[in-house]
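Numbered by numbering that gives the first Met the number 0, the letters in the sequence shown go through residues 0 to 237 in order.
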Amino acid sequence: MATSGTITITQPDAITVQISGNTSVQFGYTNGSNCTTLTASATGGTGSFTYAWRQGNSSIGSKANQQVCPTQTTTYTVTATDAAGCSVQKQITVTVDDVRCGYGGVKVCLGGREQCIAQYLVPTYLRLGYTLGGCNSNTPARMGYEETLTAKPLALSLKAYPNPTSGYVTVEVQSPVAELVKFEVVNAQGRVVKQHQRELVEGFNEVRFELTAQPTGNYLIRAIDVLGHQAVVRVNKQ
Numbered sequence: 000m001a002t003s004g005t006i007t008i009t010q011p012d013a014i015t016v017q018i019s020g021n022t023s024v025q026f027g028y029t030n031g032s033n034c035t036t037l038t039a040s041a042t043g044g045t046g047s048f049t050y051a052w053r054q055g056n057s058s059i060g061s062k063a064n065q066q067v068c069p070t071q072t073t074t075y076t077v078t079a080t081d082a083a084g085c086s087v088q089k090q091i092t093v094t095v096d097d098v099r100c101g102y103g104g105v106k107v108c109l110g111g112r113e114q115c116i117a118q119y120l121v122p123t124y125l126r127l128g129y130t131l132g133g134c135n136s137n138t139p140a141r142m143g144y145e146e147t148l149t150a151k152p153l154a155l156s157l158k159a160y161p162n163p164t165s166g167y168v169t170v171e172v173q174s175p176v177a178e179l180v181k182f183e184v185v186n187a188q189g190r191v192v193k194q195h196q197r198e199l200v201e202g203f204n205e206v207r208f209e210l211t212a213q214p215t216g217n218y219l220i221r222a223i224d225v226l227g228h229q230a231v232v233r234v235n236k237q
């Protein structure tokens, strides 16, 4: 005798995966400022999930939480796979704002105006209401001036004494703003034989160099500000 019945087949919900995390980072200010943690969360499917992260064709992780530290805008792909072997992919793009400018400087923005300042000045500018990074405008970057001030020319003025010298030489530097400046001593062949950085105050500064161990001849002492502007003074070593 034949019998009949009903068989119910339950279809699991479709797998969906969401990615959370900061998708906008800055590169070039502090170590780790370009890092963010992306978190994948899958639902539906059957049982628990495993995760696989890729950057292009390269595997970068196998956990739900994945730290990434891009130096340029990058797209990441996560694959979520359930216990039955079914999987789904999702992509996310982390946008990188390269805040570097000049020589070791950092871009900040206020009121649509972009400025290039020394890194040690960033906390002060942030307290004044500036934001880290560029303004995405066509306004040229400036260094160390409030919006209501008339921009002064960014120029360093150098004098050296004693000149000629047999050993130590002092360079007098007039700086229009407080800023980080790189100094280089360049020999007649164009090779940098000494270099260091100095945080200058606005106005008068003195920077001392020792040339005792250098051969006799002419040298250039070069100062480079965060915008790449240069000033040079010639020194004769006897």
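Glycine is no exception: its CB is placed at the ideal position from the N, C-alpha and C atoms. In this text the structure is predicted, and so the values were computed from the model without any measurement.
Count the other C-beta atoms from every protein chain shown that fall within 10 angstroms of the C-beta of residue i, then say buried if there are 16 or more, exposed otherwise.
i      : result
Ile6   : exposed
Thr92  : exposed
Gly79  : For the record, residue 79 in the displayed sequence is Ala; it is not Gly. Buried, by the Cβ-count rule.
Val234 : buried
Ile94  : Residue identity check: residue 94 is Thr in the sequence provided, not Ile. With fewer than 16 other Cβ atoms within 10 Å, it is exposed.
Val16  : buried
Gly111 : exposed
Ala187 : exposed
Lys236 : buried
Gly132 : buried
Asn137 : For Asn137, the predicted model reports a pLDDT of 40, less than 50, meaning its position is unreliable; a value from the coordinates is still stated below. Looking at its Cβ environment, which holds fewer than 16 other Cβ atoms inside 10 Å, Asn137 is exposed.
Gln62  : For the sequence presented, residue 62 should be read as Lys rather than Gln. It counts as exposed.
Tyr167 : exposed
Under three-state DSSP, which class holds residue i?
i      : result
Tyr160 : strand
Tyr124 : helix
Gln118 : helix
Thr72  : coil
His228 : coil
Cys100 : strand
Gln213 : coil
Thr29  : coil
Asn135 : coil
Asn235 : strand
Thr22  : coil
Tyr218 : strand
Ala79  : strand
Ile223 : strand
Glu146 : Low local confidence applies: a pLDDT of 34 at Glu146 is under 50, so the model's placement there is unreliable, with the coordinate-based value given in what follows. Three-state DSSP puts Glu146 in coil, outside helix and strand.
Report yes if the C-beta of residue i is less than 7 Å from at least one heavy atom of the ligand HEM; otherwise report no.
i     : result
Tyr50 : The model depicted lacks the ligand HEM and carries no ligand whatsoever.
Could you check where the beta strand (DSSP E) with residue i kicks off and where it finishes?
i      : result
Asp96  : Ser86 to Asp97
Leu109 : Gly104 to Leu109
Lys181 : Glu178 to Val185
Thr5   : Taken as a continuous stretch (DSSP letters only), Thr5 belongs to no beta strand (DSSP E), as it is neither H nor E.
Phe48  : No beta strand (DSSP E) holds Phe48; DSSP gives it neither H nor E.
Tyr167 : Tyr167 to Ser174
Ala39  : Thr35 to Thr42
Which residues share a DSSP beta bridge with residue i?
i      : result
Lys193 : Val184
Lys62  : Note: Lys62 sits in no beta bridge, so no partner.
Asn204 : Val172
Taking residue i and residue j to be in contact with their CB atoms under 8 Å, please state how far apart those CB atoms are, rounded to whole angstroms.
i      : j      : result
Trp52  : Gln71  : Between Gln71 and Trp52 the Cβ distance is about 18 Å, and since that is not below 8 Å, they are no contact.
Val185 : Leu210 : Wrong, their Cβ atoms sit about 12 Å apart, outside the cutoff.
Ile14  : Gly43  : 4 Å
Thr169 : Arg197 : About 13 Å; that fails the 8 Å criterion.
Val87  : Tyr28  : Contact doesn't hold; Cβ gap of about 36 Å is too wide.
Gly104 : Val225 : 3 Å
Glu178 : Leu157 : That belief does not hold up - the Cβ atoms of Glu178 and Leu157 are roughly 14 Å apart, past 8 Å.
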